[in-house]
Amino acid sequence: MSMLSIRGVGKNFGGLQVLQDVNFEVPGGSIFGLIGPNGAGKTTVFNLVTGLLQASSGTIAFQGRDLAGVAPHQITRLGIARTFQNIRIFRDMTLLQNVMVGMHHLVDYGPLALFFATPTCREAERRARERALELLSWVKLDHKAGLTADNLSYGDQRKLEFARALATEPKLLLLDEPVAGMNPAEKTVLMEEIRNIRDRGYGVFLIEHDMRFVMGLCDRIAVLNFGRIIAEGAPEEIRNHPDVIEAYLGREDQPEEASV
Amino acid sequence: MEGFSDFWSTYSTLVFTVGIHALLALSIWLTLACGLLSLANAAFMGIGAYTAALLTLNLGWPFPAVLAAGALAPAAVALAIGVPTLRLSGVYLAMATLAFGEVSRVIILNLDITGGPEGLNGIPLVTEGWHIVLILAVVAYGLARLRRSRVGRAFEAIKEDEVAARLMGIDVDRHKLFAFTLGAVIAGLAGALNAHYTFFISPREYGFENAVDILTMTILGGISSLIGPVLGATILTLLPELLRFLHDYRLAVNGAILVLVVLFLPTGLWDSRRIRAWFARRASR
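Chains as they are written, first to last, in my numbering: chain A, 12 to 271; chain B, 693 to 977.
As structure tokens, this is what we get:
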């Protein structure tokens with residue numbers, strides 16, 4: 012039942028080993044969290060899965076298909092969508108256009124149909140616009156559909172990126188720190204929305220710093236530290252895992268040892 | 693009516709030149725629309741002009757076939773050089789396409805069939821005013837349709853953030869190659885039309901200066917819509933004529949006006965956002 016499988020994956024940039032022998036499986040229809048201290052290599056994992064980087068070793072497979080050498084836009088078409096830690100919406104485009112860009116491969120008509128504005132072409136554009144509005148209303152931004160995206164607040168920009176990712180009709184949604192910069196109320200709402208997405212049958216794979224958010228939301232968690240997976244399991248197991256506590260808080264006896 | 697025919701006999705050349713320049717400005721708008729700074733369009737115009745003129749002079753092809761060949765020859769060249777060069781971006785792409793332009797000019801300058809530095813003389817004057825108007829209208833309409841389609845949205849996404857565009861399922865490399873090649877088609881058409889309008893062509897017309905002129909028209913007009921390039925082409929073609937009364941100071945004033953526009957309206961004369969905001973303000977008053 013695994014959707015995304017990561018086996019023995021390593022990545023180095025020159026002499027710098029960022030990931031070493033990373034193994035885990037992201038199941039479909041559930042929420043999987045990848046946590047770890049800053050610089051542990053979490054975003055690198057996302058960049059490998061989405062094809063922006065190629066793994067130095069190991070294999071990444073999506074629904075049984077090896078992703079080595081598959082271009083990023085093809086990976087998106089296979090059904091993996093992502094958001095970015097440092098929001099990358101198209102700022103000069105309207106909200107509606109932003110979401111419609113996500114449907115690029117789903118809206119299809121030939122050059123002649125386009126030039127002569129045939130009914131097929133107009134119908135395809137109309138359907139795409141409606142679907143985009145539907146997604147925008149789902150993140151409660153439909154009343155701003157005609158504004159350019161740079162008018163949005165930080166939280167709304169995150170929501171727009173979310174809607175845009177869903178527009179590609181993914182089977183697996185990768186969220187890179189989805190609640191960064193949100194207030195507690197917004198976090199609770201987003202948590203509900205992510206659960207909704209899972210319940211509709213999507214897989215969700217997220218990276219997050221906010222421990223309370225991760226523990227409350229994820230069905231399964233893997234912990235990455237210095238490029239290695241140090242623990243994997245249900246939230247309760249992770250919470251009490253000695254290696255995880257050490258990675259986040261440091262070892263209790265360390266200062267004494269150092270002073271001797 | 694007499695007044696009009698006087699006006700027309702004096703200025704028809706100027707009006708048609710505006711049309712040719714508008715085509716060229718639209719051709720470079722395409723690449724700018726997906727964030728590519730390419731300076732190859734003057735060379736594409738030259739390839740189109742020479743291909744068309746040689747087919748007319750040597751083989752006596754009918755004009756429509758000549759125009760088609762004048763559009764397709766630069767497109768084939770664009771496809772061939774686009775694959776390696778479009779991996780570059782920013783200044784590096786500008787340098788590579790500029791080098792391509794110079795290489796094309798030097799090749800044309802040294803071939804026998806192109807008449808070398810003397811160029812080609814005695815090209816039949818078969819381009820009519822309505823040819824230019826019709827082709828400009830079809831090109832402008834086609835680009836307007838394109839702009840509001842999935843391809844236009846993809847161009848804009850690529851211009852804003854290439855990585856995000858890729859992750860939206862857009863084949864970025866193919867879209868760039870398409871914009872580059874379609875730009876070459878339009879520039880080639882402009883060249884073919886121009887060759888059969890001016891009687892004479894020489895390699896000098898398709899060099900660095902011309903490449904920069906085309907770019908200036910589009911940037912001056914603004915790239916946020918299709919009106920900008922056409923407006924820029926019109927102004928840059930007419931301004932030197934309108935300033936004739938300044939005699940020796942003409943070119944200096946011309947340059948000064950351009951500098952002022954770029955300084956105070958960096959997004960170009962026609963920025964659709966600025967204009968929409970202006971209308972909104974007026975409406976609310």
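C-beta atoms are modelled at their ideal positions from N, C-alpha and C, and glycine is treated no differently.
Whole-number beta carbon distance between residue j and residue i, since they are thought to touch under 8 Å
i, j, result
"A79 of chain A", "L107 of chain A", "Contact flag wrong, Cβ pair sits at about 36 Å."
"M104 of chain A", "A160 of chain A", "6 Å"
"L759 of chain B", "A925 of chain B", "That belief does not hold up - the Cβ atoms of L759 of chain B and A925 of chain B are roughly 20 Å apart, past 8 Å."
"L859 of chain B", "R93 of chain A", "6 Å"
"I46 of chain A", "V190 of chain A", "At roughly 13 Å, the Cβ-Cβ gap does not stay under 8 Å, so I46 of chain A and V190 of chain A are not in contact."
"I906 of chain B", "A717 of chain B", "6 Å"
"E243 of chain A", "E219 of chain A", "That belief does not hold up - the Cβ atoms of E243 of chain A and E219 of chain A are roughly 16 Å apart, past 8 Å."
"L923 of chain B", "L950 of chain B", "About 14 Å; that fails the 8 Å criterion."
"F101 of chain A", "L89 of chain A", "The pair is not a contact, with the Cβ atoms about 23 Å apart (cut-off 8 Å)."
"T910 of chain B", "V710 of chain B", "With 8 Å as the limit, T910 of chain B and V710 of chain B do not qualify as a contact, their Cβ atoms being about 14 Å apart."
"T61 of chain A", "L171 of chain A", "With a Cβ gap of about 19 Å, T61 of chain A and L171 of chain A do not count as contacting."
"P816 of chain B", "H888 of chain B", "7 Å"
Selection from the options that minimises the alpha carbon distance to residue i
i, options, result
"A82 of chain A", "A:I71, A:S67, A:L63 and A:T129", "A:L63"
"R779 of chain B", "B:M909, B:A849, B:H867 and B:L718", "B:H867"
"G70 of chain A", "A:C132, A:E36, A:N49 and A:R169", "It is Thr, not Gly, that sits at residue 70 of chain A in the sequence shown. Closest option to T70 of chain A, Cα to Cα, is A:E36."
"S13 of chain A", "A:V20, A:R76 and A:T199", "A:R76"
"K22 of chain A", "A:F173, A:F43, A:G52 and A:A242", "A:G52"
"R845 of chain B", "B:A871, B:I827 and B:V798", "B:A871"
"L724 of chain B", "B:T873, B:S701, B:E810 and B:V945", "B:T873"
"V843 of chain B", "A:L171, A:N162 and A:E136", "A:E136"
"I232 of chain A", "A:A245, A:M222, A:I241 and A:R223", "A:A245"
"L117 of chain A", "A:R138, A:K170, A:F101 and A:V150", "A:R138"
"I915 of chain B", "B:T959, B:T777 and B:E901", "B:T959"
"V864 of chain B", "B:W700, B:S781, B:Y742 and B:F699", "B:S781"
Rounded straight-line distance, which links the Cα of residue j to that of residue i
i, j, result
"G762 of chain B", "H823 of chain B", "14 Å"
"Y703 of chain B", "S697 of chain B", "10 Å"
"Q31 of chain A", "I249 of chain A", "20 Å"
"E267 of chain A", "P253 of chain A", "For E267 of chain A, the predicted structure reports a pLDDT of 47, less than 50, and the residue's modelled location is therefore unreliable. The matter cannot be settled from this model."
"L812 of chain B", "A772 of chain B", "26 Å"
"L891 of chain B", "T748 of chain B", "Strictly speaking, residue 891 of chain B in this sequence is Phe, with Leu absent from that position. Rounded to the nearest angstrom, the two C-alpha atoms are 12 Å apart."
"V818 of chain B", "D153 of chain A", "55 Å"
"A765 of chain B", "G920 of chain B", "28 Å"
"T957 of chain B", "R133 of chain A", "The sequence shown places Leu at residue 957 of chain B, rather than the Thr named in the question. So the alpha carbons of these two residues sit roughly 36 Å apart."
"A735 of chain B", "G19 of chain A", "51 Å"
"A176 of chain A", "N162 of chain A", "20 Å"
"R896 of chain B", "V953 of chain B", "28 Å"
"F126 of chain A", "A767 of chain B", "19 Å"
"V271 of chain A", "F24 of chain A", "Interpretation of V271 of chain A is limited by its pLDDT of 40, a score under 50 that renders its predicted location unreliable; no figure is taken from the coordinates."
"G39 of chain A", "L826 of chain B", "56 Å"
"E852 of chain B", "T199 of chain A", "32 Å"
"S206 of chain A", "L228 of chain A", "As written in the sequence, residue 206 of chain A is Arg, which differs from the Ser given in the question. Approximately 8 Å, taken between the alpha carbons."
"A689 of chain B", "K151 of chain A", "It is not possible to answer for residue 689 of chain B, since the shown part of chain B is limited to 693 through 977."
"G26 of chain A", "A66 of chain A", "14 Å"
"A269 of chain A", "G261 of chain A", "Note on A269 of chain A: pLDDT 44, under 50, position unreliable in the model; no value is reported."
"V29 of chain A", "T55 of chain A", "8 Å"
"G875 of chain B", "D963 of chain B", "22 Å"
"G774 of chain B", "V234 of chain A", "45 Å"
"G113 of chain A", "I17 of chain A", "26 Å"
"A770 of chain B", "S719 of chain B", "13 Å"
"R973 of chain B", "S148 of chain A", "28 Å"
"L869 of chain B", "D804 of chain B", "32 Å"
For residue i: DSSP bridge partner residues
i, result
"I773 of chain B", "Paired residue(s): none; I773 of chain B is not in a bridge."
"I240 of chain A", "A:L235"
"S68 of chain A", "A:G21"
"T105 of chain A", "A:T159"
"G214 of chain A", "A:L183"
"I91 of chain A", "A:L183"
"Q74 of chain A", "Partner(s): none; Q74 of chain A has no beta bridge."
"V855 of chain B", "Per DSSP, none; premise fails for V855 of chain B."
Residue-level contact to chain E via CB, residue i, 8 Å cutoff
i, result
"S841 of chain B", "Checking the listed chains, one finds no chain E in this structure; the protein chains it contains are A and B."
Closer than 7 Å: residue i CB and nearest the ligand ATP heavy atom
i, result
"E134 of chain A", "No copy of the ligand ATP appears in this structure; indeed no ligand is present at all."
The segment 127-143 of chain A: which residues have C-beta closer than 9 Å to a C-beta of chain B, in chain order? F127, A128, C132, A135, E136 and A139
Looking at chain B, which residues of the segment 73-94 of chain A have a Cβ within less than 7 Å of any of its Cβ atoms? P83, H84, T87, R88 and R93
Give me the subset of the segment 55-73 of chain A whose CB atoms are less than 9 Å from a CB atom of chain B, sorted by chain position. T61, G62 and L63
Within 9 Å of chain A by C-beta, residues of the segment 724-752 of chain B in sequence order: none
Got a sec: which bits of the segment 845-873 of chain B sit with their beta carbon under 8 Å from any beta carbon on chain A, in order along the chain? R845, A846, E848, A849, E852, D853, V855, A856, A857, R858, L859, M860, G861, I862, D863 and V864
What residues in the segment 90-119 of chain A bring their beta carbon closer than 7 Å to a beta carbon of chain B? R93, R99, F101, R102, D103, M104, Q108, M111, V112, G113, H115, H116 and V118
For the segment 801-832 of chain B, which residues have a beta carbon sitting closer than 8 Å to at least one beta carbon of chain A? none
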